[in-house]
Amino acid sequence: MRVFKFGGASVKDAAGIKNVHDLLQKVGYEDVLLVVSAMGKTTNALETVVAAYFDKSATLQSSVQEVKKYHNQILLDLFEDENNEVFTAVNGLFFDLEYFLSHNKSPNYNFVYDQIVSYGELISTTILSHFMSFMGIKTTWIDVRNFIKTDSTYRDAEVDWDLTQKNISKNVKRKVLNITQGFLGSDENGFTTTLGREGSDYTAAIFAYCLNAESVTIWKDVPGVMNADPRYFENASLLNQISYREAIELAFYGASVIHPKTLQPLQKKEIPLFVKSFINPLLPGTSVSKGEDLVPQLPCFIVKKNQLLVSLSSIDFSFIMEENISEIFGLLHQYKMKVSLIQNSAISFSICVEDKFGNFNELKNILAKKFKVSYTENVSLYTIRHFDEKAAQMVEDGKEVLLKQVSRETMQIVTKEAI
Ligand code: ASP
Ligand code: MG
């Protein structure tokens, strides 16, 4: 079986949905499982709904209407006949969403977030599946929440691999075209969970692992994995082949084409990953596979924006040693701050972190009891794999460098202004 992942950009409008159909005609669709994200920027739009719900804002209704209108236009563009049952199916999902909004009693933000944003994927897969059948291709729509079981860490759920493996091996049909939702799972009580923003790649890897799939393909609006993000760097070029290790490093430091959690399950079973263009699906794109020698021959640039550079120093000039460091990391873990760079000296310790969940203020107050805390917001972290002088120069030019760290293969530079 092959697993294909289609992200939001690939299904952002009626033309995108039609393109998925045409692409499948070209590359084949028997014994395939499609993992699909919410359409376009729907997840962001649903985050606005969550915010309005908690703020008890008067804009709650209109924020829901916005999401409805967007999908309705796509439906009208795809299906001429408003009697097509897809309209009832999608309306049903919006009805469920509105029912949740008016009946929910839980004050737990993360719980409510998952119950709401998950409609993006439920709607997109419903539309795609109906469109495929409208075009004469039979699909099996599956609710991923019956397959991927997780703990109850809403917004960042941890997969229960044993249960998930059992569900998938037993119930996913082979030799058909399956369609399911990326990003979602469910906990032991049957409540919807999500795997973290951009988590649909990871969903594809979970299915591939449990199905012993032949390969995973992530269909993108770029030709494959590039040595730099073409939005920020001129002359970006395609990497034809890279190792799992290289891909993990690139993804970890922020290369947005592959979600960092995706590689590990694939690497364990040596399932190849392809990153290809949904515009030119027959081009080879990038292949990620085993092989120590698959090291890119050119420097790879990755930018992570919106980072925090935090420096801690001891108040009494005592050394920052193992004990302190383990306490600091314990707290970072507890507050879900992802660390992408560490540097320490005798009495100070600096980290570059991402505050995805808005926890830094609280954490800062705790740290301030023991350390002198200083920090700079909104810094950019540049990582250059396989760097050379020219590459470093290119990044540093015209920017204020706050910190720089060099190891054998990687140079990291923290700068103040974003490009
Ligand atoms: N729709 C979700 C998000 O935008 C998951 C994904 O796209 O992978 O984060
Ligand atoms: Mg998305």
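Okay, so the sequence shown: first residue is 79 according to our numbering, each after it adds one. Cβ atoms here follow ideal geometry from the backbone N, Cα and C, with glycine treated the same way. The model shown is predicted, which means the values in this text are computed figures rather than measured ones.
Q: Tell me, to the nearest whole angstrom, how far the beta carbon of F132 is from that of Y187; I am working on the premise that it is less than 8 Å.
A: On the sequence shown, position 54 is the one that residue 132 refers to. On the sequence shown, position 109 is the one that residue 187 refers to. Indeed, because the Cβ distance is near 6 Å, the residues count as touching under 8 Å.
Q.
With three or more beta-carbon pairs closer than 8 Å as the criterion, would you say the stretch 250-262 touches the stretch 182-199?
A. yes
Q: Return the residue from the list S230, V388, E144 that minimises the CA-CA distance to K494.
A: As a working note, residue 494 is residue 416 in the sequence shown. Ranking S230, V388, E144 by Cα distance to K494 puts V388 first.
Q | Helix, strand or coil at T166 [DSSP, three-state] | A | As a first step, residue 166 must be located in the sequence shown, where it is residue number 88. In the structure shown, T166 sits in a helix (DSSP, three-state: H, G or I).
Q: Mind reading off the beta-carbon distance from A291 to R80? Whole number of angstroms is fine, and I expect it under 8 Å.
A: As a first step, residue 291 is located in the sequence shown; it is residue number 213 there, counting from the start. As a first step, residue 80 is located in the sequence shown; it is residue number 2 there, counting from the start. At roughly 6 Å, the Cβ-Cβ gap stays under 8 Å, so A291 and R80 are in contact.
Q.
Whether or not the stretch 274-283 and the stretch 327-347 are in contact is what I'm after, with contact meaning three or more pairs of Cβ atoms, one per stretch, closer than 8 Å; do they touch?
A. For the pair of segments examined, the stretch 327-347 was found to touch the stretch 274-283: the number of CB pairs separated by less than 8 Å reaches three.
Q. In or out: V484 buried (at least 16 other Cβ within 10 Å) or exposed?
A. One-based indexing of the sequence shown puts residue 484 at position 406. Label assigned to V484: exposed.
Q) Candidates P308, L154, Y148: which alpha carbon is nearest F209's? A) For the purposes of this step, residue 209 is taken as the residue at position 131 of the sequence shown. F209 has its Cα closest to that of L154, out of P308, L154, Y148.
(Q) Under 8 Å, Cβ to Cβ, is there at least one residue of chain D near S140? (A) In the structure shown, chain D cannot be found, because there is only a single protein chain.
Q) Per DSSP, V473 is paired with what? A) Residue mapping note: residue 473 aligns to position 395 of the sequence shown, counting from 1. BP columns for V473 are empty, so no partner.
(Q) Tell me the DSSP secondary structure of G263 in three-state form. (A) Counting from 1 along the sequence shown, the entry for residue 263 is found at position 185. It is a strand residue.
(Q) Suppose you measure from the CA of G332 to the CA of E312; what does that come to, to the nearest Å? (A) As a first step, residue 332 is located in the sequence shown; it is residue number 254 there, counting from the start. As a first step, residue 312 is located in the sequence shown; it is residue number 234 there, counting from the start. Roughly 18 Å separates the two Cα atoms.
Q) Is H149 buried or exposed, if buried means 16 or more other CB atoms sit within 10 Å of its CB? A) Within the sequence shown, numbered from 1, the residue matching residue 149 stands at position 71. With 16 or more Cβ atoms within 10 Å of its Cβ, H149 is classed as buried.
Q: Can you tell me the Cβ-Cβ gap for K448 and F435, rounded? I've got them flagged as a contact below 8 Å.
A: Position 370 of the sequence shown, counted from the start, is the residue given in the question as residue 448. Position 357 of the sequence shown, counted from the start, is the residue given in the question as residue 435. Wrong, their Cβ atoms sit about 22 Å apart, outside the cutoff.
**Q.** For S367 and I326, the rounded distance between their alpha carbons
**A.** As a first step, residue 326 is located in the sequence shown; it is residue number 248 there, counting from the start. As a first step, residue 367 is located in the sequence shown; it is residue number 289 there, counting from the start. When rounded, the distance between both Cα atoms is 11 Å.
(Q) By alpha-carbon positions, which one of F225, Q103, A116, N162 ends up nearest to F212? (A) The residue given as residue 212 occupies position 134 in the sequence shown. For F212, the nearest C-alpha among the options comes from N162.
Q. Beta carbon of T228, beta carbon of V114: below 8 Å?
A. Indexing the sequence shown from 1 puts residue 228 at position 150. Indexing the sequence shown from 1 puts residue 114 at position 36. Cβ atoms of T228 and V114: not closer than 8 Å.
Q.
Bridge partners for L124 per DSSP, in chain order?
A. Here residue 124 refers to the residue found at position 46 of the sequence shown. As computed with DSSP, L124 is found in no beta bridge at all.
Q.
Under 7 Å: does the beta carbon of E432 sit that close to some heavy atom of the ligand ASP?
A. Residue 432 sits at position 354 when you count from the first residue of the sequence shown. The beta carbon of E432 sits no closer than 7 Å to any heavy atom of the ligand ASP.
**Q.** Residues near K450 in its chain [Cβ-Cβ closer than 6 Å; skip 5 each side]
**A.** The residue labelled residue 450 in the question sits at position 372 within the sequence shown. Cβ neighbours of K450 beyond the five flanking positions: S391, I393.
Q: Taking only runs that begin and end inside the stretch 92-148, name each unbroken alpha helix (DSSP H) of 4 or more residues, in chain order.
A: 92-105, 120-132
Q. In this structure, what does DSSP give as the bridge partners for E432?
A. Sequence index remark: in the sequence shown, residue 432 carries index 354 (1-based). DSSP output for E432 lists K416 as bridge partner(s).
Q: Ignore the nearest five residues each way along the sequence and tell me which others in S207's own chain have a CB closer than 8 Å to its CB.
A: Counted from its first residue, the sequence shown places residue 207 at position 129. Excluding sequence positions up to five before and after S207, its CB lies within less than 8 Å of the CB of T217, W219, I257, all in the same chain and listed in chain order.
Q: Return yes when the Cβ of F356 is within less than 8 Å of the Cβ of T364, no when it is not.
A: Locating residue 364 in the sequence shown gives position 286, where the first residue counts as 1. Locating residue 356 in the sequence shown gives position 278, where the first residue counts as 1. No, the pair does not count as a contact, with Cβ atoms beyond the cut-off.
Q.
My output table needs one value for S365: the three-state DSSP class, helix, strand or coil.
A. For the purposes of this step, residue 365 is taken as residue 287 along the sequence shown, with counting starting at 1. Note: S365 maps to strand in three-state DSSP.
Q. In whole angstroms, what separates the C-alpha of A424 from that of E478?
A. By one-based count along the sequence shown, residue 424 stands at place 346. By one-based count along the sequence shown, residue 478 stands at place 400. Approximately 25 Å, taken between the alpha carbons.
Q.
Measuring straight from C-alpha to C-alpha, what distance separates E405 and N443?
A. Translated into positions along the sequence shown, residue 405 becomes position 327. Translated into positions along the sequence shown, residue 443 becomes position 365. The alpha-carbon atoms of E405 and N443 are separated by roughly 15 Å.
Q.
Pairs of beta-carbons, one from the stretch 82-98 and one from the stretch 229-243, closer than 8 Å: are there three or more?
A. no
(Q) Measuring only from the beta carbon, is G277 closer than 7 Å to any heavy atom that is part of the ligand ASP? (A) For this step, residue 277 is matched to residue 199 along the sequence shown. Checking every heavy atom of the ligand ASP against the Cβ of G277, one is found closer than 7 Å.
Q: Run the CB neighbour count on F379, radius 10 Å, all protein chains shown included, and call it buried at 16 or more, exposed below.
A: Position 301 of the sequence shown, counted from the start, is the residue given in the question as residue 379. The residue is buried, with at least 16 neighbouring Cβ atoms inside 10 Å.
Q.
Taking 7 Å as the cut-off, is the beta-carbon of S88 closer than that to any non-hydrogen atom of the ligand ASP?
A. Start at 1 with the first residue of the sequence shown, and residue 88 comes out as number 10. No.
Q) How is Y460 classed by DSSP in three states: helix, strand or coil? A) What you label residue 460 is simply residue 382 of the sequence shown in a count that begins at 1. Three-state DSSP puts Y460 in a strand.
Q. Is the beta carbon of L419 less than 8 Å from the beta carbon of L459?
A. In the sequence shown, counting from the first residue as 1, residue 419 sits at position 341. In the sequence shown, counting from the first residue as 1, residue 459 sits at position 381. The answer is yes: Cβ separation under 8 Å.
Q. What first and last residue would you give for the beta strand (DSSP E) that runs through N384?
A. Taking the first residue of the sequence shown as 1, we reach residue 384 at position 306. For N384, the enclosing beta strand (DSSP E) begins and ends at 378-392.
Q. If you measure from the CB of T121, is any heavy atom of the ligand ASP nearer than 7 Å?
A. Along the sequence shown, read from residue 1 onward, the residue named residue 121 stands at position 43. T121 Cβ: within cutoff of the ligand ASP.
Q. When DSSP labels each residue in this structure, what does N224 get in the three-state scheme?
A. By 1-based counting over the sequence shown, the position of residue 224 is 146. Here N224 carries a helix assignment [DSSP, helix/strand/coil].
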